[in-house]
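Chemist: Okay, handing you the structure first.
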Amino acid sequence: MSSRWTRIRSGRCATVAGLSGGIAVAVGVLMPTMAGADTFVPLPDGSKAGPGVTLSRTGEHAIVSPSMAANGAGRVVWVSGNAAADVTVTPEGEVGPTNGPAGLPGSNNSSTHGASQLNTGYLVGCQVSIADDAIGAGVSGGVSTGGVSAGGSIGVNLGPGEVKFVQIDYKDILKPGRYSVEYQDAEIEIQGCAGYAQARAYTVVEIIGDHYSKTTLYGAPFSIG
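Residues 1 to 225 (full-length UniProt numbering) make up the sequence shown, in order.
In structure tokens:
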């Protein structure tokens with residue numbers, strides 16, 4: 001494997017930037033040197049059109065490593081990508097207080113927040129194949145789901161058959177325009193999964209108003225060991 005993808009992660013930083021706001025947030029993640037090689041996973045671009053919006057994801061990739069815990073039930077993945085929404089139609093919203101349960105998907109969405117919104121992150125599953133049909137069947141069929149607010153480093157505990165949403169970031173949409181969330185080496189650490197694990201990106205745009213719509217773009221599933 002090329003030394004380009006074999007990294008020493010001392011002083012590594014994860015960056016999340018909302019391009020329409022022009023603000024970047026860098027969170028330092030101090031990590032000692034890790035043994036073993038990284039696995040670089042290139043992921044395809046994607047797009048999807050919905051009512052009043054076109055979603056796209058570009059430049060997505062993942063770097064998978066064994067967990068420092070070295071217990072056979074843990075692993076670490078660093079994810080990068082750019083999720084964008086070209087919004088042509090939306091009522092003017094108002095950013096209000098978060099009324100939903102803290103840390104759960106939906107606590108910052110339009111149903112509790114009062115504005116249209118772009119939201120992006122990852123579905124992470126243990127011994128679950130996260131295909132298109134499995135997402136809907138799993139959620140409606142009672143597969144355990146949860147949410148983790150993302151900063152520079154996110155810890156996720158997963159048991160067999162569990163799927164969790166890991167939010168990377170969101171962007172309020174107050175008027176038509178282009179909105180984007182760009183993230184680089186955001187770290188997700190999975191513990192408790194002794195079987196195989198998979199992850200898959202999601203990007204959701206909700207448009208508020210009389211003609212409410214919700215458009216979701218999923219990325220390609222990939223193995224995290």
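We put the beta carbon where it would ideally sit given N, CA and C, even for glycine.
None of the values given here were measured: they were computed from a predicted structure.
Does Lys171 come out as helix, strand or coil in the three-state DSSP assignment?
Modeler: Here residue 171 is taken as the residue at index 171 of the sequence shown, counted from 1. Strand at Lys171.
Chemist: Any contact between the stretch 85–95 and the stretch 151–163? By contact I mean 3 or more CB pairs, one from each, below 8 Å.
Modeler: no
Chemist: With a 10 Å radius around its C-beta and 16 neighbouring C-beta atoms as the bar for buried, classify Arg178 as buried or exposed.
Modeler: Your numbering for residue 178 matches position 178 in the sequence shown. With fewer than 16 Cβ atoms within 10 Å of its Cβ, Arg178 is classed as exposed.
Chemist: Is Leu158 helix, strand or coil when you go by DSSP?
Modeler: Counted from its first residue, the sequence shown places residue 158 at position 158. Coil, per DSSP.
Chemist: Using a threshold of 8 Å, state whether the C-beta atoms of Thr198 and Val128 are closer than that.
Modeler: Mapped onto the sequence shown, residue 198 falls at position 198. Mapped onto the sequence shown, residue 128 falls at position 128. The question names Thr, but residue 198 in the sequence shown is Gln. Contact flag set, yes.
Chemist: If you draw a straight line from the alpha carbon of Ala49 to that of Leu55, how long is it in whole angstroms?
Modeler: For the purposes of this step, residue 49 is identified with residue 49 of the sequence shown, where counting begins at 1. For the purposes of this step, residue 55 is identified with residue 55 of the sequence shown, where counting begins at 1. Cα to Cα, Ala49 sits roughly 6 Å from Leu55.
Chemist: Below 8 Å on the Cβ atoms is my guess for Ile208 versus Val53; work out the distance and round it to an integer in Å.
Modeler: Looking up residue 208 in the sequence shown gives position 208. Looking up residue 53 in the sequence shown gives position 53. The beta carbons of Ile208 and Val53 sit about 12 Å from each other, so the pair does not count as a contact at 8 Å.
Chemist: Going straight from the alpha carbon of Glu187 to that of Ile168, what length do you get?
Modeler: Looking up residue 187 in the sequence shown gives position 187. Looking up residue 168 in the sequence shown gives position 168. C-alpha separation (whole angstroms): 10 Å.
Chemist: Would you please state the rounded distance, in angstroms, between the beta carbons of Pro42 and Ile130? I believe it to be under 8 Å.
Modeler: Within the sequence shown, the letter at position 42 stands for residue 42. Within the sequence shown, the letter at position 130 stands for residue 130. Actually they are not in contact, since the Cβ atoms of Pro42 and Ile130 sit about 18 Å apart, beyond 8 Å.
Chemist: Measuring only the C-alpha atoms, how far is Gly125 from Asn119?
Modeler: In the sequence shown, the residue the question calls residue 125 occupies position 125. In the sequence shown, the residue the question calls residue 119 occupies position 119. Roughly 19 Å separates the two Cα atoms.
Chemist: Check whether the Cβ atoms of Tyr183 and Gly81 sit closer than 8 Å, and answer yes or no.
Modeler: As a working note, residue 183 is residue 183 in the sequence shown. As a working note, residue 81 is residue 81 in the sequence shown. Going by C-beta atoms, Tyr183 is nearer than 8 Å to Gly81.
Chemist: Can you say whether Leu217 is buried or exposed, counting buried as having 16 or more other CB atoms within 10 angstroms of its CB?
Modeler: As a first step, residue 217 must be located in the sequence shown, where it is residue number 217. So Leu217 counts as buried.
Chemist: In whole angstroms, what is the alpha-carbon distance linking Tyr212 and Ser180?
Modeler: Against the sequence shown, residue 212 aligns to sequence position 212. Against the sequence shown, residue 180 aligns to sequence position 180. The C-alpha of Tyr212 lies about 21 Å from the C-alpha of Ser180.
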